[in-house]
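See structure below.
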Amino acid sequence: MNMAAMAEPAATYTKPDSAKGAIGIETVGMTMRFGSFTALDNVSIQVKPGSFHALLGENGAGKSTLVKCIMGFYHATSGNLLIDGFDGDVRDPRDAHAKGLGMVYQHFTLVPALTAAENLVISRADVPAVVNWDSELKDLRAFMDAMPFRVPLTEPVHRLAAGEKQKLEILKQLYLGRGFLILDEPTSVLTPDEADEVLGHVRKLCEAGELSVLMITHKFREVTNYADEFSVLRRGKHVGGGKVSEWGHSDMAAMMMGDAKPAEPASRIETSGAPVLELEGVRARDRSGLGEISIASLSVRSGEIVGIAGISGNGQMELMEILTGQRPTSAGTIKVNGSPYHATRAESRRLKVRYLPEEPLHNACAPRMTVAENIAFRSFEANGADTRFWLAPGEMRRRAEHLVADYKVKTTSIESPITALSGGNVQRAVLARELDGEVDLLVISNPCFGLDFTAVAEIRARIMSARNTGTAVLLMSEDLDEILELSDRVLVMSEGALVYKCIAAQADIPTIGQHMGGHA
Amino acid sequence: MTVAGDIPGGQAPSRAWLVPLAGRIEGLALPVAALLAGFLAFALFLLLLGKNPLEFYSLVYKAGFGTAFSWSNTLSRAAPLLLAALCVAIPARLGLVVIGGEGAIVLGGVMVGALAVPLAGWPAFIAMPVLALMAALVGGIWIGAVGAMRQWRGVNETIASLLMAYIAIALMNHLVEGPFRDPASLNKPSTAPIAEAFRVGNLPGWNVHWGLAIAVLSCILAWILIERTTIGFAARIAGGNIRAAQVQGLPVGKLVIGFTALGGAFAGLAGYFEVSAVHGSANASLAAGYGYTGILIAFLARHNPLAIIPVALLLAGFEASSGLVQRRMDLPDATMIVLQGFVFVAILASETFTGRLDLVGWLTKGERS
Numbered sequence: 000m001n002m003a004a005m006a007e008p009a010a011t012y013t014k015p016d017s018a019k020g021a022i023g024i025e026t027v028g029m030t031m032r033f034g035s036f037t038a039l040d041n042v043s044i045q046v047k048p049g050s051f052h053a054l055l056g057e058n059g060a061g062k063s064t065l066v067k068c069i070m071g072f073y074h075a076t077s078g079n080l081l082i083d084g085f086d087g088d089v090r091d092p093r094d095a096h097a098k099g100l101g102m103v104y105q106h107f108t109l110v111p112a113l114t115a116a117e118n119l120v121i122s123r124a125d126v127p128a129v130v131n132w133d134s135e136l137k138d139l140r141a142f143m144d145a146m147p148f149r150v151p152l153t154e155p156v157h158r159l160a161a162g163e164k165q166k167l168e169i170l171k172q173l174y175l176g177r178g179f180l181i182l183d184e185p186t187s188v189l190t191p192d193e194a195d196e197v198l199g200h201v202r203k204l205c206e207a208g209e210l211s212v213l214m215i216t217h218k219f220r221e222v223t224n225y226a227d228e229f230s231v232l233r234r235g236k237h238v239g240g241g242k243v244s245e246w247g248h249s250d251m252a253a254m255m256m257g258d259a260k261p262a263e264p265a266s267r268i269e270t271s272g273a274p275v276l277e278l279e280g281v282r283a284r285d286r287s288g289l290g291e292i293s294i295a296s297l298s299v300r301s302g303e304i305v306g307i308a309g310i311s312g313n314g315q316m317e318l319m320e321i322l323t324g325q326r327p328t329s330a331g332t333i334k335v336n337g338s339p340y341h342a343t344r345a346e347s348r349r350l351k352v353r354y355l356p357e358e359p360l361h362n363a364c365a366p367r368m369t370v371a372e373n374i375a376f377r378s379f380e381a382n383g384a385d386t387r388f389w390l391a392p393g394e395m396r397r398r399a400e401h402l403v404a405d406y407k408v409k410t411t412s413i414e415s416p417i418t419a420l421s422g423g424n425v426q427r428a429v430l431a432r433e434l435d436g437e438v439d440l441l442v443i444s445n446p447c448f449g450l451d452f453t454a455v456a457e458i459r460a461r462i463m464s465a466r467n468t469g470t471a472v473l474l475m476s477e478d479l480d481e482i483l484e485l486s487d488r489v490l491v492m493s494e495g496a497l498v499y500k501c502i503a504a505q506a507d508i509p510t511i512g513q514h515m516g517g518h519a
Numbered sequence: 000m001t002v003a004g005d006i007p008g009g010q011a012p013s014r015a016w017l018v019p020l021a022g023r024i025e026g027l028a029l030p031v032a033a034l035l036a037g038f039l040a041f042a043l044f045l046l047l048l049g050k051n052p053l054e055f056y057s058l059v060y061k062a063g064f065g066t067a068f069s070w071s072n073t074l075s076r077a078a079p080l081l082l083a084a085l086c087v088a089i090p091a092r093l094g095l096v097v098i099g100g101e102g103a104i105v106l107g108g109v110m111v112g113a114l115a116v117p118l119a120g121w122p123a124f125i126a127m128p129v130l131a132l133m134a135a136l137v138g139g140i141w142i143g144a145v146g147a148m149r150q151w152r153g154v155n156e157t158i159a160s161l162l163m164a165y166i167a168i169a170l171m172n173h174l175v176e177g178p179f180r181d182p183a184s185l186n187k188p189s190t191a192p193i194a195e196a197f198r199v200g201n202l203p204g205w206n207v208h209w210g211l212a213i214a215v216l217s218c219i220l221a222w223i224l225i226e227r228t229t230i231g232f233a234a235r236i237a238g239g240n241i242r243a244a245q246v247q248g249l250p251v252g253k254l255v256i257g258f259t260a261l262g263g264a265f266a267g268l269a270g271y272f273e274v275s276a277v278h279g280s281a282n283a284s285l286a287a288g289y290g291y292t293g294i295l296i297a298f299l300a301r302h303n304p305l306a307i308i309p310v311a312l313l314l315a316g317f318e319a320s321s322g323l324v325q326r327r328m329d330l331p332d333a334t335m336i337v338l339q340g341f342v343f344v345a346i347l348a349s350e351t352f353t354g355r356l357d358l359v360g361w362l363t364k365g366e367r368s
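Chains as they are written, first to last, in numbering that gives the first Met the number 0: chain G, 0 to 519; chain Y, 0 to 368.
Okay, structure coming up:
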């Protein structure tokens, strides 16, 4: 494609020299060691020009290490990278960009306050000191016209929906002349519809020979629908792969898991209990301070999971903050087991309320404190019914060892800082802390975000078994599949209010989707 | 440690015990390396001035640590430095950077100078603890106010405490030159000298006042509070991640105000000893910069109250040698401040290495091929 030719004669946009359409990539015997730990062991993967290649593997299997070696963030201990069949010695990410390799990260890297056009122009390596916006806009329009999909150029990015932002991230890579793209779980922040749209466009670009793609994903559905080839890593080794059409989901899962077995989903037992959590007419300001969170009525019974579905940013985070006492309310009552609840430590202990916030390392752990100390957060001053003044390090250690073993937290030592653990293991450690002992109410937000499916299955089974033993669970999640799998009742949150409710077993996904989008 | 064997890559379970050890080695190695780097950079600075760095460091050794006389000089300077460093280290465990301990020292000292006059007839064993407690109270309120502004109004504690130190010094000058001025103090406005009976004496057999013993004891107590009590644990959680502490329902506000007030109380106590053991009355000598050297000490000690003890001794030795170095090597009196500046930049830079050294790997090198 020649964008300059499609532009008006006056437009000066020319493709960067590196843009030659799709670029093929091959790693040959790539090995990466960190100290005595081998993160990548002799991995050879080929991404043919114009192919859409899926990279599968559990957390810690070496996917990130591999793409970081390709992008020049790491220098492989041994092995080579071939770019279009030639030896590609990538010194650093800048060098990778110059060679036409690009990466789209899990989270957005756009400047929210700037427009799409401004974001595109500032991402160039050669932004002039004085930007002539008229001519840049003309060039950008010419560029957009040549693309199979487009985004509004003059809107500030923060007004774009998540799907639009992800499209803009991909357009940015094309604008910068990249012929090989790494997508790191690109759909984790998108609704299913948005994901389909974005990946559909990416696939078309591959078919047109504009782009080759290596996509890290956990979602098999995306692999079968969009990828043509796949590779599987396990414990740093390339354990299999091939044409997507020739393999089924169960084969891919078997390659990823090896001999490990995921926990069976816990069965749902019939329960009926009294209301544990009750919210009436609760109002609070939202994050921006402009909007309002307004929960007319919400109740969660003992032995049921109530799922709150919704697109991120519709008040779920604020609701979590209200329930954890971090956000003041202007009206309404919150009751747990019939008594007023303000989320003080004494109340949450007496009423047996526990929390599992999203991104536990950032919201529920002190990253530099040890695993044992983090596990003690809930109980360090409890001494039966009394409180203690002196710490009890011996007891703390014994409890931590016991819980670490029970919940299969993988750590070198319980004295390791918790930030050294992988995401799944941090989540296991926090879950161990919060589910230990009797729990009447468990408030959860996005418990499986970014986890591999062994960890996901295990964590969901833990939540289900808590429910089965009579815990009331309030589950907020952006993952609709998770909500439908776990919940007894489903509520939809949109613009700070609960706008729809149904029984999970009778849920109609399109209806829920419309309410999530605020179109009903 | 059955869990350790499950790690991908299969590290030997025997490595688990190395993890806390590695943490301790890192905690010691980084500040020591930073200190040496600071000394080395300062040596280059001396070379640029045409001075001999070896002569400088040997003079510092002689004047700070070489003789019994230099030791007593060093130790009596260490007392206020230890207490001033606690004023930084204790709030730092909550994630607060309080750098205005100088203000609490000054006001604590003024309190003693002013209050000693009406208490003159009291028995010393009552009056002395009252004076010490009042100095601690003033310091505690002063720095506790920084914590309260932080908690209730979101005022940055670093800037607030620094600016409040200037206010405190101005307040001292006003009080010492005005309402509390001893008419007999002509050249250097001071409060009336405190009664001889209220003067803090020397440690038995030492030429160093009791303030040193109290300061060392304070460091030990502060360490016990932070490392061995549930209150200290709650504070470390809040310092490690304030959101996690809030989700746990911990009383973050009380901790912030309590810990800043406690730090300020120690600094106020430093002011008490400066007046009742060193100067004999409150005057402008109270603002001697101990509060600022305390910042450097606390950072070098990584806010560990026990580590403050050796670091404060080292820095006190440098301050004690300042006079000799000026005379013998013809260096300006700002020399020690320049040295402290070099060390401070080095210690801040060393923070970026925290957690990046693969010490467990290094310790087990050769164990596995």
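Ideal Cβ positions, reconstructed from N, Cα and C, are used throughout, including at glycine.
As the structure is a computational prediction, the values presented were derived from the model and not from experiment.
Your pair G/ALA454 and G/GLN426 checks out as a contact, with CB atoms roughly 7 Å apart and the cut at 8 Å. Under the Cβ criterion of 8 Å, Y/ARG327 is not counted among the residues facing chain G. According to the DSSP secondary-structure assignment, Y/TYR289 is paired through a beta bridge with no residue.
The Cβ of Y/ARG235 sits closer than 8 Å to at least one Cβ of chain G. Neighbourhood of G/ARG396 in chain Y, by CB distance below 8 Å: empty, with the nearest CB roughly 11 Å away.
Among the CB atoms of chain Y, none fall inside 8 Å of the CB of G/SER77. The beta carbon of Y/PHE232 sits closer than 8 Å to some beta carbon of chain G.
Following the DSSP letters along the chain, one finds G/ARG397 inside the alpha helix (DSSP H) bounded by residues 392–405.
Against chain Y, the beta carbon of G/MET368 has neighbours under 7 Å at ARG235 and GLY239, listed in chain order.
Boundaries cannot be given for G/ILE417, as no beta strand (DSSP E) includes it and DSSP labels it neither H nor E. Counting every other CB atom within 10 Å of its CB across the protein chains shown gives Y/PRO128 a total below 16, marking it as exposed.
Between the C-alpha atoms of Y/GLY252 and G/PRO359 there is a straight-line separation of about 22 Å.
A straight-line Cα-Cα distance of about 21 Å links G/LYS500 and G/ALA283. Looking at the backbone, the Cα of Y/ARG242 and that of G/GLU320 are separated by about 10 Å. In the three-state reduction of the DSSP assignment, G/LEU65 falls in the helix class.
The bridge partners DSSP lists for G/TYR499 are G/VAL491.
The contact set of G/TYR354 on chain Y, defined by CB atoms closer than 8 Å, consists of VAL246 in chain order. Using a Cβ-Cβ cut-off of 8 Å, G/ALA342 is close to GLY248 of chain Y, given in chain order. Between the alpha carbons of Y/ILE223 and Y/LEU185 lies a distance of about 46 Å.
Residue state for Y/THR259 is assigned as helix, using DSSP reduced to three classes. The beta carbon of G/ASP83 lies closer than 6 Å to those of ILE22 and GLY23 in the same chain, with the five residues before and after it left out. In this structure the stretch 159–171 of chain Y does not touch the stretch 295–303 of chain Y; the number of beta carbon pairs closer than 8 Å is below three. By the 16-neighbour rule on beta-carbons within 10 angstroms, Y/PHE265 is buried. Secondary structure of Y/MET148 (DSSP, three-state): helix. Contact check for G/MET395 and Y/ARG235: beta-carbon distance about 13 Å, past the 8 Å limit, so the pair fails to qualify. Any Cβ of chain Y closer than 8 Å to the Cβ of G/CYS501 would place that residue at the interface, and such an atom is absent. For G/THR323, the chain Y residues whose Cβ falls inside 7 Å of its Cβ are GLN245 and VAL246, in order along the chain. When DSSP states are grouped into helix, strand and coil, G/GLY162 belongs to the helix group. The DSSP-derived three-state label of G/PRO48 is coil.
In the structure shown, Y/GLY49 falls within a coil segment according to DSSP collapsed to helix, strand and coil.
With contacts defined as CB atoms closer than 8 Å, G/GLY436 and G/GLY302 fail to qualify as a contacting pair. For G/TRP389, the residues of chain Y that pass the 8 Å Cβ criterion are ARG227, THR228 and THR229, in the order they occur in the chain.
Under the three-pair Cβ rule at 8 Å, the stretch 29–42 of chain G counts as touching the stretch 55–68 of chain G.
Contact between the stretch 139–151 of chain Y and the stretch 195–210 of chain Y is not established, with fewer than three Cβ pairs separated by less than 8 Å. When G/THR411, G/PHE388 and G/SER444 are compared, the shortest CA-CA separation from G/TYR354 is found for G/SER444. Secondary structure at G/SER338: strand, using DSSP grouped into helix, strand and coil.
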